[in-house]
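Shown next, in structure tokens, is the structure this report addresses.
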Amino acid sequence: MRFLFNKQVIFDADSGTLFLAETPEDAVQISNPTKRLLLLLTCHQGEVINREIIFKKVWDDFGMVSSNNNLNHCISKLRRILRNLGLEDEVITTVPKMGFMFHQQVMVELLPEPEKNTPIEIFNDISMSKNNGSPAVPPVAAKTPLSPGKIQILSIITLFCAILALCITLAVWYQHRPEDRREIYIGEAGNCDVMVSVPLPNNTNTESLKKGILSYAQSLNPQCRSDQYVLVIKSNTFRVYSNDLSRLYMMLCGSLRENKAEVCWSLNEPKPSPSH
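Going letter by letter, the sequence shown gives residues 1 to 276 in the working numbering.
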């Protein structure tokens with residue numbers, strides 16, 4: 001929004017500058033409160049604006065501290081700048097015990113803008129109007145808040161999605177959860193106890209498999225100390241070439257009592273005896 005005063009001085013309310021129409025490059029920058037004050041007075045040219053309205057529209061509504069000192073300082077600054085730009089007559093008039101007025105004898109023109117400007121809202125709700133009978137500027141429509149019913153529906157949908165996501169997560173975890181292992185005693189081989197870690201491979205005759213494992217372990221004739229034993233486990237790491245086969249590992253395990261841990265190592269198959 002730009003105004004032309006007496007065909008020579010331009011006030012650009014968007015950029016907060018004052019300059020001669022012939023030399024826009026020599027613009028004088030003014031502060032935001034000073035800009036709002038000049039815009040308020042210009043929009044209500046010829047009307048007395050009391051101090052309370054000025055305080056509210058220039059400082060209070062923007063979270064700033066208003067005072068007579070601040071107002072008098074802005075008025076003095078505007079008068080000095082306008083005088084330096086060639087407006088010799090008093091543009092801003094003081095009305096004792098009332099307020100200030102933009103002199104009605106100053107010619108004010110609203111200049112067209114090359115681009116669409118955002119309307120300045122600080123003066124829309126002032127009860128006074130520059131021209132009697134002119135329609136008030138309609139306020140910008142605010143966004144309609146969501147009704148309680150819509151908020152409740154959105155909350156239910158959000159809760160349902162959260163529960164569904166939790167159920168899917170639990171289902172995936174249940175399908176891929178690690179199998180619970182426990183060790184059972186199946187017999188002796190050499191002087192070692194033979195333990196099998198269950199669950200054993202699926203689709204097998206469990207008792208027959210245990211006998212086969214024990215028989216093979218006995219053929220190895222392992223030798224153990226008192227704190228050692230033979231452990232047989234199923235491998236879940238490597239896949240075999242046939243789905244009907246299972247890979248079992250047989251190892252010797254011993255306890256590290258001082259560290260509360262067990263160490264296992266491979267149980268090698270004995271070398272075949274030389275043929276006669």
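We treat Cβ as the ideally placed atom computed from N, Cα and C, and that holds for glycine.
Burial state of residue i, where buried means 16 or more other Cβ atoms lie within 10 Å
{"i": "Y185", "result": "exposed"}
{"i": "F160", "result": "exposed"}
{"i": "M98", "result": "exposed"}
{"i": "I213", "result": "buried"}
{"i": "V263", "result": "exposed"}
{"i": "R80", "result": "exposed"}
{"i": "F5", "result": "buried"}
{"i": "A171", "result": "exposed"}
{"i": "C74", "result": "buried"}
{"i": "L146", "result": "exposed"}
Residue i - partner residues in DSSP beta bridges
{"i": "T93", "result": "M101"}
{"i": "Q228", "result": "G254"}
{"i": "Y249", "result": "I233"}
{"i": "V106", "result": "Paired residue(s): none; V106 is not in a bridge."}
{"i": "A261", "result": "L256"}
C-alpha distance - residue i paired with residue j, whole-angstrom precision
{"i": "Q218", "j": "E258", "result": "31 Å"}
{"i": "M1", "j": "Q104", "result": "20 Å"}
{"i": "L256", "j": "L164", "result": "47 Å"}
{"i": "E22", "j": "K57", "result": "32 Å"}
{"i": "L85", "j": "P96", "result": "26 Å"}
{"i": "S134", "j": "D14", "result": "Caution applies to S134, whose pLDDT of 46 falls short of 50 and renders its modelled position unreliable; the value that the coordinates give is listed next. For S134 and D14, the distance between alpha carbons rounds to 24 Å."}
{"i": "K130", "j": "Q45", "result": "Low per-residue confidence applies at K130: pLDDT is 46, beneath 50, and the placement is therefore not dependable, though the value from the model is reported in the following sentence. Cα-Cα distance, rounded: 7 Å."}
{"i": "R247", "j": "A162", "result": "41 Å"}
{"i": "D89", "j": "R83", "result": "8 Å"}
{"i": "F291", "j": "I157", "result": "With the chain covering 1 to 276 only, the question about residue 291 has no answer from this structure."}
{"i": "S226", "j": "I168", "result": "49 Å"}
Spatial neighbours of residue i in its chain, beta-carbon cut-off 8 Å, leaving aside the 5 residues before and after
{"i": "P24", "result": "I10"}
{"i": "L41", "result": "I49, I92, F100, M101, F102"}
{"i": "K77", "result": "I30, T34"}
{"i": "V198", "result": "R181, R182, E183, I184"}
Cut-off 7 Å between Cβ atoms - residues of its own chain near residue i, not counting five sequence neighbours on either side
{"i": "T265", "result": "Checking the displayed sequence, the identity of residue 265 turns out to be Trp instead of Thr. Only M251, L252 meet the Cβ criterion."}
{"i": "R51", "result": "L71, G99"}
{"i": "Q228", "result": "C192, L252, C253, G254"}
{"i": "Q8", "result": "L20, A21, G86"}
Contact between the region 202-218 and the region 167-177: three or more CB pairs below 8 Å? no
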